[in-house]
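Position in the sequence shown counted from 1, then plus 260, gives you the numbering used here.
Note that CB positions come from ideal geometry on N, CA and C, so glycine has one too.
Just below is one structure, and these are the notes that go with it.
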Amino acid sequence: MAKVAFVFPGQGSQKVGMCKDFYDNYACAKKVFEEADEALGYSITKLCFEGPEEDLRLTKNTQPAILTCSVAALAVMREHGLECEIAGGHSLGEYSALVAAGVMDLKDAVVAVCKRGQFMQEAVPVGEGAMAAVMGLEPDKIVEICQTVEKECGEAVQAVNFNCPGQVVIAGAAKAVEKAAEALKAAGAKRAVPLPVSAPFHSTLMKPAAERLKEVLDKIEFRDAAFPIVANVTAEPVTKADEIRALLVKQAASPVKWEMSMRNLIKDGYDTFVEVGPGKVLTGFTRKIDRAMNALNVEDLASLEKTLAYFKEVR
């Protein structure tokens, strides 16, 4: 019998038109979009389905948009009887996982991530922060070189997303990221690709955002999780409401330990990972982490049919 984990995507998976299939065909998905619109006080539905893309790319819009789509996809899966034993989410996706586990209400989560996006954007003026994906170098070496560059130039640069073998993302002050990218290539990295993002997410430069986020999260009701959630900060499962809240605050200015999270789940016997929401980024990571794993996704009617067919076969 498959041991199933649901994983929820983060920023970068957005595209205009995402999840419209589910909205048009499932009342449960439509209800999720309506709830999100009401909580936010504007139509995230219209933004998801019609764009424009440049507005959807703004962090304060991207985060509630992806969360809403992920929760809508989850509602459709649950209507078909699909459930998991544990869940996790990449950065923003951790909030989707918490809604799935009943820790937060959707209305609170969409408002929280909208503010999270705003705080992250405001923590570092546009153009002063940067991120880059580093390919083909050992994580320890990347950490070491970033620390050296940080000391040399007196500006922040850190490894912030440990995604999968051969891919680590660095973030920090724009000049320091550029300098680190050069040093990493000189040390043997195959590539260091600048990312089209508006802020250095998960770096220490996000500490002001984390402090502001704490004030928002302290006002929201958190419940113990119905099933464990693997926290980005620790790569370990958590269920207690207070611990989850504290880790979410830390998460904004701490590295995302995605590869370690997945390896811990695999070690615990999980063999089937379903990415719930737009895109297939995490599905790609899962395949790179361990090709023997069953990596599925649900983002539209076609991928839903494939996933349902898989579970029908294994059951």
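Can you tell which of LEU507, VAL493, VAL509, ARG505 has its C-alpha closest to the C-alpha of MET520? Taking the first residue of the sequence shown as 1, we reach residue 520 at position 260. The residue with the shortest Cα to Cα distance from MET520 is VAL493.
Looking at the structure shown, is CYS344 part of a helix, part of a strand, or coil, going by DSSP? Along the sequence shown, read from residue 1 onward, the residue named residue 344 stands at position 84. Reduced to three states, the DSSP call for CYS344 is coil.
Opposing strand residues paired with MET391 [DSSP bridges]: Start at 1 with the first residue of the sequence shown, and residue 391 comes out as number 131. MET391 pairs with ALA431.
Quick check on the DSSP output: what are the complete beta strand (DSSP E) runs of length 3 or more inside the stretch 506-565, in order along the chain? The beta strand (DSSP E) runs lying completely inside the stretch 506-565 and spanning 3 residues or more are 532-536, 554-558, given in chain order.
State the CB to CB distance for the pair ILE549 and CYS424, rounded to an integer number of angstroms; the pair is presumed to be in contact (CB under 8 angstroms). Locating residue 549 in the sequence shown gives position 289, counting from the first residue. Locating residue 424 in the sequence shown gives position 164, counting from the first residue. Indeed they touch by this definition, with Cβ atoms about 5 angstroms apart.
Nearest-angstrom Cα separation, counted from LEU561 out to CYS344: By 1-based counting over the sequence shown, the position of residue 344 is 84. By 1-based counting over the sequence shown, the position of residue 561 is 301. Taking the straight line joining both Cα atoms gives about 20 angstroms.
Anticipated Cβ contact below 8 angstroms, VAL292 with THR328, distance rounded: The residue you call residue 292 lines up with position 32 of the sequence shown. The residue you call residue 328 lines up with position 68 of the sequence shown. Contact flag correct, Cβ pair sits at about 6 angstroms.
Coarse secondary structure for GLN271, derived from DSSP in three states: Taking the first residue of the sequence shown as position 1, residue 271 is located at position 11. GLN271 falls in the coil class under three-state DSSP.
Cβ of ALA501 within 9 angstroms of Cβ of ARG472? Counting from 1 along the sequence shown, the entry for residue 501 is found at position 241. Counting from 1 along the sequence shown, the entry for residue 472 is found at position 212. The answer is no: Cβ separation not under 9 angstroms.
Using beta-carbon positions only, say whether VAL359 and VAL534 come within less than 9 angstroms of one another. Counting from 1 along the sequence shown, the entry for residue 359 is found at position 99. Counting from 1 along the sequence shown, the entry for residue 534 is found at position 274. Taking 9 angstroms as the Cβ cut-off, VAL359 and VAL534 do not qualify as a contacting pair.
Hey, ALA347 and CYS288: beta-carbon distance below 9 angstroms or not? Along the sequence shown, read from residue 1 onward, the residue named residue 347 stands at position 87. Along the sequence shown, read from residue 1 onward, the residue named residue 288 stands at position 28. Going by C-beta atoms, ALA347 is not nearer than 9 angstroms to CYS288.
Under 9 angstroms, do GLN511 and ALA470 count as touching if we go by C-beta distance? Looking up residue 511 in the sequence shown gives position 251. Looking up residue 470 in the sequence shown gives position 210. Taking 9 angstroms as the Cβ cut-off, GLN511 and ALA470 qualify as a contacting pair.
On the DSSP bridge assignment, give the partners of CYS424 in chain order. Taking the first residue of the sequence shown as position 1, residue 424 is located at position 164. Partner(s): GLN427.
Chain C contact for PHE293 (CB, 9 angstroms cutoff): The chain labelled as chain C is not found in the depicted structure, where only one protein chain is given.
Out of ARG505, ARG376, ALA446, state which residue places its alpha-carbon closest to the alpha-carbon of ALA459. Stepping through the sequence shown from its first residue, residue 459 is reached at position 199. If we check each option's Cα against that of ALA459, ARG376 comes out closest.
Quickly, what does DSSP pair ALA349 with across the bridge? List them, please. On the sequence shown, residue 349 is found 89 positions in, with the first residue counted as 1. Just to set this straight, residue 349 is Gly in the shown sequence, not Ala. Bridge partners of GLY349: PHE268.
Simplified DSSP state of ILE480, which is helix, strand or coil: Mapped onto the sequence shown, residue 480 falls at position 220. Of the three classes helix, strand and coil, the one that applies to ILE480 here is coil, per DSSP.
Since PRO324 is in the alpha helix (DSSP H), which residue starts that stretch and which ends it? Residue 324 sits at position 64 when you count from the first residue of the sequence shown. Its alpha helix (DSSP H) spans residues 319-339.
Take ASP315 and list the residues in its own chain whose beta-carbon comes closer than 8 angstroms to its own, dropping the five residues that flank it on each side. Position 55 of the sequence shown, counted from the first residue, corresponds to residue 315. Counting only Cβ-Cβ distances below 8 angstroms, and skipping sequence neighbours, we find LEU307, ASN321.
Can you grab the Cα-Cα spacing for the pair HIS462 / ASP281, in whole Å? Here residue 462 is taken as the residue at index 202 of the sequence shown, counted from 1. Here residue 281 is taken as the residue at index 21 of the sequence shown, counted from 1. Cα to Cα, the separation comes out at about 32 angstroms.
Three or more C-beta pairs below 8 angstroms linking the stretch 421-435 and the stretch 377-394: yes
In terms of residues, what are the limits of the alpha helix (DSSP H) holding ARG451? The sequence position of residue 451 within the sequence shown is 191, counting from 1. First-last for ARG451: 451-454, but that is the beta strand (DSSP E), not the alpha helix (DSSP H).
Hey, how far is the Cα of TYR570 from the Cα of GLU475? Counted from its first residue, the sequence shown places residue 570 at position 310. Counted from its first residue, the sequence shown places residue 475 at position 215. The alpha-carbon separation between TYR570 and GLU475 amounts to approximately 43 angstroms.
Same chain only: Cβ atoms within 7 angstroms of LEU300, ignoring 5 sequence neighbours per side: Here residue 300 corresponds to residue number 40 of the sequence shown, with the count starting at 1. Same-chain partners within the cutoff: PRO324, VAL370, VAL371, CYS374.
Give me the DSSP bridge partner(s) of ALA419. Start at 1 with the first residue of the sequence shown, and residue 419 comes out as number 159. ALA419 pairs with ILE430.
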